[in-house]
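Peer 1: I'd like to ask you about the structure that follows.
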Ligand code: SAH
Ligand code: ZN
Ligand code: ZN
Ligand code: ZN
Ligand code: ZN
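Residue numbers (the numbering used here): 9 to 492.
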């Protein structure tokens, strides 16, 4: 079996091997093949990027024959959903825009677009930014643009200053001079601003993101319109794609000793394998661009994701480790930095860099564990019996002699289950079946009730995937609809 099957709840993603080029394309590039678990005949292609049919209604059974007519209609539809301007056009618009006097610069909030006096008419009925579009504002597109709010696939959660500066200082401290920002527009912005403040320690940054609105503010050497679920570079014209890919590959070249690191903060959609697949491809491109024959080296990477994805990430990247640092977001109602209990952010850094080199801020309580050789959070006490600092969620865990491991502080040992669990767990049923709902038909990982709103605010679970196949598309807010 040369196809890789990924467990993602009740639905699996089948990663096609390289030779298999037959995956049809939606506007977001090649689609992915999904399979309803245990039902091989019901495989279907669906969008790699959008987990909700409202956002991309592409759907095709694996064995479905598509008429020429439908094929043409599909191509036409794909074209019509492309961004209103090519990146090249966005760039020349930007140059023209900054040359305008301040009173002629406008930003249309409805269209999320910098507009020119000759276009005002078209946007007359639209809401526009009341503040001046100053150079300062143009340097902070993540504040100017409203964050995409799609709950299912690509809601944008922007780093709080605390986390952004931590990342920046840490990377610069480790001597990285080129940062490949995959889905981290605010970090990219922060790097550029940092360069202006401190001319001696400049860092280059390239942003890869599906949100093409950023193409308005950044040149071709700073931004690529990119889909990280299928490693697809968007461009209207095939010849331009080659140019874009060349920009990307040139960036990965460490000429003159400029070290590259990739930082990514993907939507927490659960499709870990397709992401890992793309990051692997990025790493391979990086390796190719170095003329050394070191071989088998991996691009330094930092993958930002919730701690409960640890096992799935380590499955894809065994060389990674999870750090205790809690990543905070600005516009996130739940994931705020808190010292105790449930308020703490569940988002962590996963990296193939050496954990002992990543110094976590002492003023936030992080300390170095000399046994584990890594920095850990304040309440993560080293357990001599487990010989590790066991806490994943930042709370102090407790060693259970019967389980012979450390468990969450709220868990109690249950003698009928034979292991620790929450006091109100479905007792006696969980040993063989699902640990979450008690069903004997599936395991915890495939539980359809597991991915509730609380756990996967930024992504979606199996239910979302199912919807992809079953729910009819409805047009709502135009940004939500076209928020590629
Ligand atoms: N914390 C980051 C933003 C993370 S939000 C920061 O502050 O910089 C997730 C980001 O991934 C968004 O910018 C979103 O546009 C981007 N994204 C979502 N789906 C994507 C896809 N399929 N391919 C590439 N980027 C994607
Ligand atoms: Zn799509
Ligand atoms: Zn408008
Ligand atoms: Zn222990
Ligand atoms: Zn126990």
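Even glycine gets a Cβ: it sits at the ideal position worked out from N, Cα and C.
Shortest alpha-carbon distance to residue 198 belongs to which of 183, 220, 166?
Peer 2: Start at 1 with the first residue of the chain shown, and residue 198 comes out as number 190. If we check each option's Cα against that of residue 198, 166 comes out closest.
Peer 1: What is the residue span of the alpha helix (DSSP H) that residue 213 lies within?
Peer 2: As a first step, residue 213 must be located in the chain shown, where it is residue number 205. Unbroken run through residue 213 is the beta strand (DSSP E), 212-217; no alpha helix (DSSP H).
Peer 1: In whole angstroms, give me the CA-to-CA distance for residue 316 and residue 433.
Peer 2: Taking the chain shown and counting its residues from 1, the one referred to as residue 316 is at position 308. Taking the chain shown and counting its residues from 1, the one referred to as residue 433 is at position 425. In a straight line, the C-alpha of residue 316 is about 19 Å away from that of residue 433.
Peer 1: Just checking residue 354 against ligand 4 - is the residue's beta carbon closer than 7 Å to any of the ligand's heavy atoms?
Peer 2: Taking the chain shown and counting its residues from 1, the one referred to as residue 354 is at position 346. No; taking the cut-off as 7 Å, the Cβ of residue 354 has no heavy atom of ligand 4 nearer than that.
Peer 1: For residue 403, is the beta carbon positioned less than 7 Å from some heavy atom of ligand 4?
Peer 2: Within the chain shown, the letter at position 395 stands for residue 403. Flag unset: Cβ of residue 403 not near ligand 4.
Peer 1: Within 10 angstroms of its Cβ, does residue 358 collect 16 or more other Cβ (buried), or is it exposed?
Peer 2: Start at 1 with the first residue of the chain shown, and residue 358 comes out as number 350. With 16 or more Cβ atoms within 10 Å of its Cβ, residue 358 is classed as buried.
Peer 1: Taking 7 Å as the cut-off, does the CB of residue 248 come closer than this to any heavy atom belonging to ligand 6?
Peer 2: This structure lacks ligand 6; the ligands present are ligand 1, ligand 2, ligand 3, ligand 4 and ligand 5.
Peer 1: Have a look at residue 311 and residue 65 and give me their C-alpha separation to the nearest angstrom.
Peer 2: Position 303 of the chain shown, counting from 1, holds the residue named residue 311. Position 57 of the chain shown, counting from 1, holds the residue named residue 65. Their backbone Cα atoms lie some 29 Å apart in a straight line.
Peer 1: Using a Cβ-Cβ cutoff of less than 7 Å, which residues in the same chain neighbour residue 152 once the five nearest sequence positions on both sides are dropped?
Peer 2: As a position in the chain shown, residue 152 is number 144, starting the count at 1. Closer than 7 Å at the Cβ level, and outside the excluded window around residue 152, lie 115, 145.
Peer 1: Less than 6 Å between C-beta atoms, sequence neighbours within five positions excluded: which residues of the same chain meet that for residue 338?
Peer 2: Walking along the chain shown from the start, residue 338 turns up at place 330. So the list reads 166, 168, once near-sequence residues are dropped.
Peer 1: Tell me the start and end of each unbroken alpha helix (DSSP H) in the stretch 96-178 that is at least 4 residues and wholly inside, in chain order.
Peer 2: With a minimum length of 4 residues, the continuous alpha helix (DSSP H) runs that stay inside the stretch 96-178 are 143-146, 149-152.
Peer 1: Relative to ligand 5, is the shortest distance from any of its heavy atoms to the C-beta of residue 292 smaller than 7 Å?
Peer 2: Translated into positions along the chain shown, residue 292 becomes position 284. No; taking the cut-off as 7 Å, the Cβ of residue 292 has no heavy atom of ligand 5 nearer than that.
Peer 1: Measuring from the CB of residue 217, is there a heavy atom of ligand 1 at a distance below 7 Å?
Peer 2: Here residue 217 refers to the residue found at position 209 when the chain shown is read from its first residue. Residue 217: yes, Cβ under 7 Å from ligand 1.
Peer 1: Where does the unbroken alpha helix (DSSP H) through residue 79 begin, and where does it stop?
Peer 2: To locate residue 79, count along the chain shown from 1; it is residue 71. It spans 76-88 - the alpha helix (DSSP H) in which residue 79 sits, taken as one unbroken run.
Peer 1: CA-CA distance, residue 111 and residue 122?
Peer 2: By 1-based counting over the chain shown, the position of residue 111 is 103. By 1-based counting over the chain shown, the position of residue 122 is 114. Using only the alpha carbons, I get a separation of about 13 Å.
Peer 1: Does DSSP put residue 377 in a helix, a strand or coil?
Peer 2: What you label residue 377 is simply residue 369 of the chain shown in a count that begins at 1. Strand at residue 377.
Peer 1: Can at least three beta-carbon pairs, one atom from the stretch 224-234 and one from the stretch 254-262, be found at a separation below 8 Å?
Peer 2: Flag = yes, the stretch 224-234 and the stretch 254-262 touch.
Peer 1: If the criterion is Cβ atoms closer than 8 Å, does the pair residue 420 and residue 407 meet it?
Peer 2: Walking along the chain shown from the start, residue 420 turns up at place 412. Walking along the chain shown from the start, residue 407 turns up at place 399. No, these two residues do not count as a Cβ contact at 8 Å.
Peer 1: Residue 377 and residue 391: beta carbons closer than 8 Å?
Peer 2: Reading the chain shown from its first residue, position 369 is the one you call residue 377. Reading the chain shown from its first residue, position 383 is the one you call residue 391. Contact flag unset, no.
Peer 1: Spell out whether any CB of chain D is found under 8 Å from the CB atom of residue 121.
Peer 2: Protein chains in the displayed structure number just one, and chain D is not present.
Peer 1: Taking the continuous beta strand (DSSP E) assigned at residue 8, which residues delimit it?
Peer 2: This structure does not reach residue 8, given that the chain is present from 9 up to 492, and the question cannot be answered.
Peer 1: Apart from the five residues on each side of it in sequence, which residues of its chain come closer than 6 Å, Cβ to Cβ, to residue 164?
Peer 2: Within the chain shown, the letter at position 156 stands for residue 164. Excluding positions up to five away in sequence, the list reads 155, 156.
Peer 1: If you count every other CB in all the chains shown that lies within 10 Å of the CB of residue 464, and 16 or more means buried, which is it?
Peer 2: In the chain shown, the residue the question calls residue 464 occupies position 456. Caution applies to residue 464, whose pLDDT of 33 falls short of 50 and renders its modelled position unreliable; the value that the coordinates give is listed next. Under this definition residue 464 is a buried residue.
Peer 1: Kindly indicate which residue of 251, 237, 42 has the alpha-carbon position closest to the one of residue 68.
Peer 2: The count along the chain shown starts at 1 and reaches residue 68 at position 60. Answer by Cα proximity: 42.
Peer 1: Would you check if the stretch 192-210 and the stretch 280-287 touch, i.e. whether three or more CB-CB distances between them fall below 8 Å?
Peer 2: Result no; under three Cβ-Cβ pairs closer than 8 Å.
Peer 1: Just the residues with CB closer than 5 Å to a heavy atom of ligand 3, in chain order, which are they?
Peer 2: My final list is 116, 118, 119, 131, 134.
Peer 1: Mind checking whether residue 428 and residue 422 have CB atoms under 8 Å apart?
Peer 2: By 1-based counting over the chain shown, the position of residue 428 is 420. By 1-based counting over the chain shown, the position of residue 422 is 414. Against a cut-off of 8 Å, the Cβ pair of residue 422 and residue 428 comes out as a contact.
Peer 1: For residue 320, which option in 276, 297, 361 has the closest C-alpha, if you only look at C-alpha atoms?
Peer 2: The residue you call residue 320 lines up with position 312 of the chain shown. When each option's Cα is compared against that of residue 320, the closest is 276.
Peer 1: Indicate whether the contact test is met: 3 or more Cβ pairs, each with one atom in the stretch 324-338 and one in the stretch 351-371, closer than 8 Å.
Peer 2: The answer is yes - the stretch 351-371 touches the stretch 324-338, with three or more Cβ pairs under 8 Å.
Peer 1: If I'm right that residue 327 touches residue 306 with Cβ under 8 Å, what's the distance once you round it to whole angstroms?
Peer 2: Taking the first residue of the chain shown as position 1, residue 327 is located at position 319. Taking the first residue of the chain shown as position 1, residue 306 is located at position 298. That belief holds up - the Cβ atoms of residue 327 and residue 306 are roughly 6 Å apart, short of 8 Å.
Peer 1: Going along the chain, which unbroken runs of the alpha helix (DSSP H) with 4 or more residues stay wholly within the stretch 257-304?
Peer 2: The qualifying runs are 280-297.
Peer 1: Hey, is residue 415 close to ligand 5, as in C-beta under 7 Å from one of its heavy atoms?
Peer 2: Position 407 of the chain shown holds residue 415. Correct: residue 415 has its Cβ closer than 7 Å to ligand 5.
Peer 1: Which two residues bound the contiguous alpha helix (DSSP H) that contains residue 40?
Peer 2: Translated into positions along the chain shown, residue 40 becomes position 32. No alpha helix (DSSP H) holds residue 40; the beta strand (DSSP E) holding it covers 40-44.
Peer 1: Answer with buried or exposed for residue 92, where buried requires no fewer than 16 other C-beta atoms within 10 angstroms of its C-beta.
Peer 2: Position 84 of the chain shown, counted from the start, is the residue given in the question as residue 92. Residue 92 comes out exposed.
Peer 1: If we ignore side chains and look at the alpha-carbon of each, how far apart do residue 483 and residue 39 end up?
Peer 2: For this step, residue 483 is matched to residue 475 along the chain shown. For this step, residue 39 is matched to residue 31 along the chain shown. Because the pLDDT of residue 483 is 31, which lies under 50, any placement of that residue in the model is unreliable, and the number read from its coordinates should be weighed accordingly. Taking the straight line from one Cα to the other gives about 21 Å.
Peer 1: Is any non-hydrogen atom of ligand 1 found closer than 7 Å to the C-beta of residue 223, if you look at the structure I gave you?
Peer 2: On the chain shown, position 215 is the one that residue 223 refers to. Checking the Cβ of residue 223 against ligand 1 gives no.
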